[in-house]
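Here is the structure we will look at.
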Amino acid sequence: MDWANLLTNVAGELFAPTTAALALAAIGLNVHFGLTGLLNMGQAGFMLLGAYGFAITTIAGWPLWASVLAAMASAVVFAVLLGIPTLKLRGDYLAIVTIAAAEIVRIVGRSTALSDVTGASNGLLGNSFKHTFVGASPFPDGRFTLGPFTYALNASNSWWLRIVAWALVLLACLLVWRLMKSPWGRVLKGIREDEDAVRALGKNVFSYKMQSLVIGGVLGALAGVLFVLPRAVQPDSMGRPTTFWVWTILLLGGAATVFGPILGSMLFWGALMLIKGIMRTVVPENVMSVAEIEAFGWILVGIALMLLIIFRPQGILGDKKELAINVR
38 MDWANLLTNV AGELFAPTTA ALALAAIGLN VHFGLTGLLN MGQAGFMLLG
88 AYGFAITTIA GWPLWASVLA AMASAVVFAV LLGIPTLKLR GDYLAIVTIA
138 AAEIVRIVGR STALSDVTGA SNGLLGNSFK HTFVGASPFP DGRFTLGPFT
188 YALNASNSWW LRIVAWALVL LACLLVWRLM KSPWGRVLKG IREDEDAVRA
238 LGKNVFSYKM QSLVIGGVLG ALAGVLFVLP RAVQPDSMGR PTTFWVWTIL
288 LLGGAATVFG PILGSMLFWG ALMLIKGIMR TVVPENVMSV AEIEAFGWIL
338 VGIALMLLII FRPQGILGDK KELAINVR
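Have a look at this one:
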């Protein structure tokens with residue numbers, strides 16, 4: 038086994054664009070669940086809407102800044118439409134509604150009636166919407182090597198994308214940190230612990246929940262943009278499994294923490310790539326095919342999520358007192 042090459046690939050995943058995208062999505066979910074106690078099981082819906090908003094407007098000829106705003110606006114509209122009828126629900130009921138809403142977004146996206154807009158199940162090719170982002174790069178074309186890592190400066194899986202992605206993640210962490218320390222954030226934590234008590238103090242609980250849903254949804258939409266820039270917009274790539282990946286990342290790192298989503302995303306992808314890499318080398322082809330190894334890796338993700346909920350719901354960095362896992 039070529040351990041040096043395997044470990045280099047795993048280390049590369051720690052700061053890959055996909056790792057940053059899922060960390061940003063988990064930060065958005067942290068606003069929903071960690072701060073407010075909203076059991077949102079549809080974060081993938083916000084990601085997919087953001088990806089479509091960015092890609093469709095870019096293909097239509099919009100500049101980069103306008104396409105990013107369109108992605109954010111799509112998340113705001115979706116959050117408002119979703120929140121108005123559902124934010125009075127609690128616990129499992131809200132979880133069911135949000136996962137259904139995300140599935141509606143995915144199914145509409147892959148509908149043949151919208152083939153000219155969304156590409157249906159085939160999606161939108163990356164080369165059709167990446168040009169404005171690549172054009173905004175200050176770097177020349179070519180490749181750059183930093184230690185054992187060599188990537189293109191301006192391409193799908195580039196240094197430029199990595200810099201932008203992780204800059205957005207750090208800005209989102211700063212935003213969450215400020216929100217947690219603000220009076221607004223303390224109201225959200227009060228809603229998470231006992232919304233009836235907060236309502237009795239004269240606070241508009243519904244309004245605060247809506248604000249939380251919008252902010253976390255916008256972060257999810259930006260995560261969706263980062264998620265599709267190295268690849269294509271394909272609706273099935275941001276379905277139910279993506280939501281569970283984001284939940285695993287959040288719970289692994291620690292909900293209601295600032296850096297928990299970043300740590301969780303790095304550990305999640307790093308461990309997953311390491312396990313798959315070892316199994317591809319060690320397990321014979323006649324015992325388990327490459328496709329079966331891929332599936333087995335996701336089985337391990339499901340098992341890890343169950344074990345986290347049972348034995349350490351607060352995650353690595355979290356405080357059990359901060360986590361309202363049994364939201365009523």
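Take 38 as the starting number for the sequence shown in the numbering used here and just add one per residue.
Note that CB positions come from ideal geometry on N, CA and C, so glycine has one too.
It should be emphasised that the depicted structure is a prediction, and the values quoted were computed from it without experimental measurement.
Can you give the beta carbon distance from residue i to residue j, rounded, assuming they're within the 8 Å contact cut?
| i | j | result |
| --- | --- | --- |
| residue 256 | residue 64 | 6 Å |
| residue 309 | residue 334 | 6 Å |
| residue 58 | residue 305 | About 12 Å; that fails the 8 Å criterion. |
| residue 80 | residue 280 | 5 Å |
| residue 220 | residue 169 | Wrong, their Cβ atoms sit about 39 Å apart, outside the cutoff. |
| residue 45 | residue 185 | 5 Å |
| residue 128 | residue 250 | 16 Å between Cβ atoms; not a contact. |
| residue 198 | residue 92 | Contact doesn't hold; Cβ gap of about 15 Å is too wide. |
| residue 202 | residue 195 | Not quite, the Cβ-Cβ distance comes to about 10 Å (not below 8 Å), so this is no contact. |
| residue 176 | residue 164 | No, residue 176 and residue 164 are not in contact; Cβ-Cβ is about 19 Å, not under 8 Å. |
| residue 246 | residue 124 | 5 Å |
Terminal residues of the continuous alpha helix (DSSP H) containing residue i?
| i | result |
| --- | --- |
| residue 143 | 128-146 |
| residue 347 | 327-348 |
| residue 232 | 220-237 |
| residue 278 | 277-290 |
| residue 262 | 242-265 |
| residue 353 | Careful: residue 353 lies outside any alpha helix (DSSP H) and carries neither H nor E. |
| residue 50 | 40-51 |
| residue 152 | 152-155 |
| residue 57 | 54-66 |
| residue 170 | 168-172 |
Mind checking which residues open and close the beta strand (DSSP E) that includes residue i?
| i | result |
| --- | --- |
| residue 304 | Segment 297-319 is the alpha helix (DSSP H) holding residue 304; no beta strand (DSSP E) there. |
For residue i, write down the residues that DSSP places opposite it in a beta bridge.
| i | result |
| --- | --- |
| residue 180 | 189 |
| residue 161 | 270 |
How about residue i and residue j: are their beta carbons less than 8 Å apart?
| i | j | result |
| --- | --- | --- |
| residue 354 | residue 290 | yes |
| residue 87 | residue 266 | no |
| residue 89 | residue 270 | yes |
| residue 227 | residue 84 | no |
| residue 253 | residue 66 | yes |
| residue 52 | residue 82 | no |
| residue 292 | residue 352 | yes |
| residue 74 | residue 229 | yes |
| residue 213 | residue 283 | no |
| residue 70 | residue 287 | yes |
| residue 209 | residue 106 | no |
| residue 272 | residue 158 | yes |
| residue 314 | residue 47 | yes |
| residue 174 | residue 268 | no |
| residue 232 | residue 224 | no |
| residue 95 | residue 181 | no |
| residue 216 | residue 72 | yes |
| residue 330 | residue 317 | yes |
| residue 134 | residue 126 | yes |
Check whether the Cβ of residue i lies closer than 8 Å to any Cβ atom in chain B.
| i | result |
| --- | --- |
| residue 149 | As a matter of chain content, chain B is missing from the structure shown, which is built from one protein chain. |
Check: Considering only residues of the stretch 70-110, which uninterrupted alpha helix (DSSP H) runs meet the minimum length of 4 residues and lie entirely inside it, listed in chain order?
Finding: Complete alpha helix (DSSP H) runs here, min 4: 80-96.
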